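Structure first, then comments.
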Amino acid sequence: MPVGTDWEAVPGLLVTQLVLSCRTVLVRCPNGDVARRYGVSDRNPAGDYWKKIPGNTNWLTVTPDDELWAVTLIGGLSRRLTKLLPQTLGRPSPSGPSLSGDDDEWELI
1 MPVGTDWEAV
11 PGLLVTQLVL
21 SCRTVLVRCP
31 NGDVARRYGV
41 SDRNPAGDYW
51 KKIPGNTNWL
61 TVTPDDELWA
71 VTLIGGLSRR
81 LTKLLPQTLG
91 RPSPSGPSLS
101 GDDDEWELI
């Protein structure tokens, strides 16, 4: 069983809220931006870098299955829409799935 012995500073962002799922570390910044930490693993618990998620929130939560929910700046409830891309060994075709900005959406509940 791992036992903490000290704190390690994770550089990159000022944060006001931290949420965790079984696999993901997410934060909310003072201006409402949301970011995800990439590269987190057993061997690299601090991860490698932050990547911002489009949109602003007043509050967030994440389920154990990585479903991200947020309270919007005007008090609405939103759920982050995600999709799984197929894993391929070759290069994806130009008409295949993409991660363009159009795919980054929130659903207003």
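Here the sequence shown is numbered in UniProt numbering, starting from 1 and rising by one per residue.
Ideal Cβ positions, reconstructed from N, Cα and C, are used throughout, including at glycine.
Everything numeric in this text was worked out from a predicted model, so none of it was measured.
Here Asp48 carries a coil assignment [DSSP, helix/strand/coil]. Taking each of Lys83, Trp7 and Asp65 in turn and checking the Cα distance to Ser21, the smallest one comes out for Asp65. For Ser78, the enclosing beta strand (DSSP E) has its first and last residue at Leu77 to Leu81.
The segment 17-34 and the segment 1-9 do not touch, with fewer than 3 CB-CB distances between them shorter than 8 Å. For Arg37, the beta-bridge partners assigned by DSSP are Val25 and Trp50. The distance from the Cβ of Trp50 to that of Ala70 is about 17 Å, inconsistent with a contact at the 8 Å cut-off. By the beta-carbon neighbour count (other beta carbons within 10 angstroms, threshold 16), Leu60 is buried.
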